[in-house]
Structure formats: structure tokens, C-alpha cells
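K.L.:
Let me give you the structure first, and then I'll get to my questions.
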Amino acid sequence: MGARTSLVDFAAAPPPSRPLGVRWIHGSPSAKHNTDPDIQVHAYDEHTYVLRQNMAIDYEAPFLFLLFGNDRAVLIDTGATASAEYFPLRRVVDGLVASWLDRNPRPAYHLLVLHTHPHGDHVAGDGQFADRPDTTVVGAEAATAWPYFGFDDDPAGVARVDLGGRVLECLATPGHHEAAVTYHDPWTGFLLTGDTVYPGRLYVQDWQAFTRTVDRLIDFCRGRRVTHVLGCHIEMTREPGVDYPIRTVHQPDEPPLELTTGHLDEIRAALEEIGDRPVRRALPLFVLWPSS
Numbered sequence: 354m355g356a357r358t359s360l361v362d363f364a365a366a367p368p369p370s371r372p373l374g375v376r377w378i379h380g381s382p383s384a385k386h387n388t389d390p391d392i393q394v395h396a397y398d399e400h401t402y403v404l405r406q407n408m409a410i411d412y413e414a415p416f417l418f419l420l421f422g423n424d425r426a427v428l429i430d431t432g433a434t435a436s437a438e439y440f441p442l443r444r445v446v447d448g449l450v451a452s453w454l455d456r457n458p459r460p461a462y463h464l465l466v467l468h469t470h471p472h473g474d475h476v477a478g479d480g481q482f483a484d485r486p487d488t489t490v491v492g493a494e495a496a497t498a499w500p501y502f503g504f505d506d507d508p509a510g511v512a513r514v515d516l517g518g519r520v521l522e523c524l525a526t527p528g529h530h531e532a533a534v535t536y537h538d539p540w541t542g543f544l545l546t547g548d549t550v551y552p553g554r555l556y557v558q559d560w561q562a563f564t565r566t567v568d569r570l571i572d573f574c575r576g577r578r579v580t581h582v583l584g585c586h587i588e589m590t591r592e593p594g595v596d597y598p599i600r601t602v603h604q605p606d607e608p609p610l611e612l613t614t615g616h617l618d619e620i621r622a623a624l625e626e627i628g629d630r631p632v633r634r635a636l637p638l639f640v641l642w643p644s645s
């Protein structure tokens, strides 16, 4: 076994915030002739990666997040496609882990797989990690995820997942889905909101729960450094209030993925104006979309 190198001090002053500064792959007019990589990998910093699935593989083109700590890494969501042939998530993640360990040798290292919620475009790749050594895959359904985070006993609590000096704060945030989870990473300041908040169609399963969740996120962010609010999709165009049609596989005029805490306030103001009778409402970067 190699000697362990010095620990990364994730409790030190975090790096300054900056835009993601990336042009995301966004599909092509003909999926058959698409030349984008199966998975785009963007290094926000040397310990933080944002991945996007190719639209030619699945139109949902979800974003995934890989965060490294001193003792283990966490992969948040596993994308929309099960097949490793068409969506080589395990190979890409293994390569990133190996590269990180080359720079930060460890005698042992673990991978944790968590989720923002159980919809198929966020969990399809779980099976690729089922037989991976030193790996824990926590199911996304409430029956599995809630006990892991302790939300079955305290749904209003803030769970903490320690990656080895890098401690994520985790909140139960139902509304889009009853088992939705939001993650805050103090190191980057990222608030990872899954399908609860992103530039697109915010499908709301439970209007009252969603309103409470938005209130909670606003309150949570007041006492924390939040640099970017990052969801798992882009569905809007740069024209305010105009989204791409469902199942679009070419989105050349996407806005940035990253949002701000001010956008949470914008959503909350719209919810207050709409009241308790859910209706579809277009905002510049969102469409509130009751699913029932």
C-alpha cells in the first residue's frame, strides 16, 4: 500500500466562487450524427466535477455531480441510461477516481452513490456500480434514502454526510417528488437541488410540499455561503419564459445551468401570487408546472 499523502483541508477558507465557465454539450439537429462525448466532464476544481449526459443518448441530458473528500467520493445521481455500452458512467467515474488518487494517494478509498430523487433519469445507471468494490449505493426511494439520512425520524433535520473533511449538508425537499433531497457543499458553495429548482419545467407533484420546500431552502441559504444553485437539467431557452419542447434533442440556445438564491425568491413570489390552486406559470427561467 502506498503512503497516505497530506489531507486536503476542506475546512480552510474555500476557494473564491466563480462561474462554471463551460459550454455544455447541447445535442445536435440529427442525433444519428451527433459527435459529442457520451458524457461531458467539467472540472470545477480539482476535487469537484460536473457531468452531463449526451442528449443523443437520452433527451433528458441530466447533470450529475462527483465530489471528492479525503476518505471517499460521492456521486450524486447516475443518469438516464442503464447500458454501460451507450452510457459508460462507471468507466468515466472510475477514471476520475483513479486520476484523483494519482494526485492524492490513499491506502483505501470508497465511493458513495446518492441521489436527488428516484425518477428514472436520475437512477438508471445504478446497476453499473452494483459490483464495484469499495462502493455503497444508497437507493433513491424514501424507504431506502430516508433511513440513511435519518429523515424517517426527523424529516425537518439537516443530515450530514462526511466525505473526509468535506461535509455535505442534506435536506429532505419534497414537492417535485416525495423523496427529493437537496445537498449543500460548503467547500464550493454549491446547492444541488435536483429537479426541485433548475432552468426548466419545475414539475410539482405536491404544491403545498413544494411551497414549504422553497421556503425552507430560502431560510437555509440565509445562514450559508451559496455560490450556485445547480439543478439537474436545462430546458429553457435564453428567451425569457420560453422552454424547449419536451423531448428536444438540440438546444443550442440554452441559458447557464447555474442559478442564484435570488431565483428561489422569484419562485416563492410566484407561488404566493398563485396561491393554493395550482396553475401553470412561466417565469423568465422556469415554468411552474403542476403535475396533477
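With my numbering applied, the sequence shown has no gaps in its numbers, which climb one by one up to 645 at the end. Where a beta carbon is used, it is the ideal one built from N, C-alpha and C, also for glycine. This structure is a prediction, so every number in the text was calculated from the model and none was measured.
1. Out of curiosity, what's the CA-to-CA distance linking E625 and S645?
2. If you follow the beta strand (DSSP E) that G658 is in, where does it begin and where does it stop?
3. Sorted by chain position, which residues of the same chain lie with C-beta nearer than 8 Å to T431's C-beta, five sequence neighbours on each side aside?
4. Could you pull the DSSP bridge partners for W453 from this structure?
5. Should R591 be labelled buried (16 or more other beta-carbon atoms within 10 Å of its own) or exposed?
6. Find the nearest neighbour of A365 within the set H586, R519, M408, judged by alpha-carbon distance.
7. For a quick check, are the C-beta atoms of T614 and V579 less than 8 Å apart?
8. Let me know if E438 comes out buried or exposed under the rule of 16 or more other beta-carbons within 10 Å of its beta-carbon.
9. Could you compute how far the alpha carbon of P508 sits from the alpha carbon of S381?
10. Threshold first: 4 residues or longer. Then list the alpha helix (DSSP H) segments lying entirely within the region 475–541, N to C.
11. Could you give the residue range of the alpha helix (DSSP H) that holds V567?
12. Quick one: measure Cβ to Cβ for G517 and D424, integer angstroms, because I've assumed they're closer than 8 Å.
13. With distance defined between alpha-carbon atoms, name the residue in A461, Y412, G473 nearest to A384.
14. Would the region 484–503 and the region 455–466 be scored as touching if the rule is three or more Cβ pairs under 8 Å?
15. Might you give, ordered along the chain, the residues of its own chain that have their beta carbon closer than 6 Å to the beta carbon of N387, omitting 5 neighbours on each side?
16. Out of N407, T535, Y597, which one is the CA nearest neighbour of A493?
17. Excluding five sequence neighbours on each side, which residues of the same chain lie with their C-beta closer than 7 Å to the C-beta of V446?
18. Which of the three DSSP states is assigned to V602 in this structure?
19. Please list, in chain order, all residues of the same chain as A525 whose beta carbon is under 6 Å from its beta carbon, the five residues on each side excluded.
P.N.:
In brief:
1. C-alpha separation (whole angstroms): 19 Å.
2. Only positions 354 to 645 of the chain appear in this structure, which leaves residue 658 out of reach.
3. Annotation for T431: L417, L442, V466, H468, H475, V476, A477, G478, D479, Q481, F482 place their beta carbon closer than 8 Å to its own, counting only its chain and skipping 5 residues before and after.
4. Note: W453 sits in no beta bridge, so no partner.
5. With fewer than 16 Cβ atoms within 10 Å of its Cβ, R591 is classed as exposed.
6. In terms of CA proximity to A365, R519 leads the group H586, R519, M408.
7. Their beta carbons are under 8 Å apart, which means T614 touches V579 by this criterion.
8. E438 should be labelled exposed.
9. Between P508 and S381, the alpha-carbon positions lie close to 42 Å from each other.
10. Under the rule that a run must span 4 or more residues, the alpha helix (DSSP H) segments found entirely inside the region 475–541 read 495–502.
11. Residues 560–575.
12. About 3 Å; that satisfies the 8 Å criterion.
13. Of A461, Y412, G473, the residue nearest in Cα terms is Y412.
14. Counting Cβ pairs under 8 Å, three or more are found: they touch.
15. If we look at N387 and ignore the five residues flanking it on each side, its Cβ neighbours are S381, A409.
16. Comparing alpha-carbon positions, the option among N407, T535, Y597 lying closest to A493 turns out to be T535.
17. Cβ neighbours of V446 within its own chain (closer than 7 Å, five residues either side excluded): L419, L428.
18. Three-state result, V602: coil.
19. Within the same chain, Cβ atoms closer than 6 Å to the Cβ of A525 are found at F504, P508, the five residues on either side in sequence being excluded.
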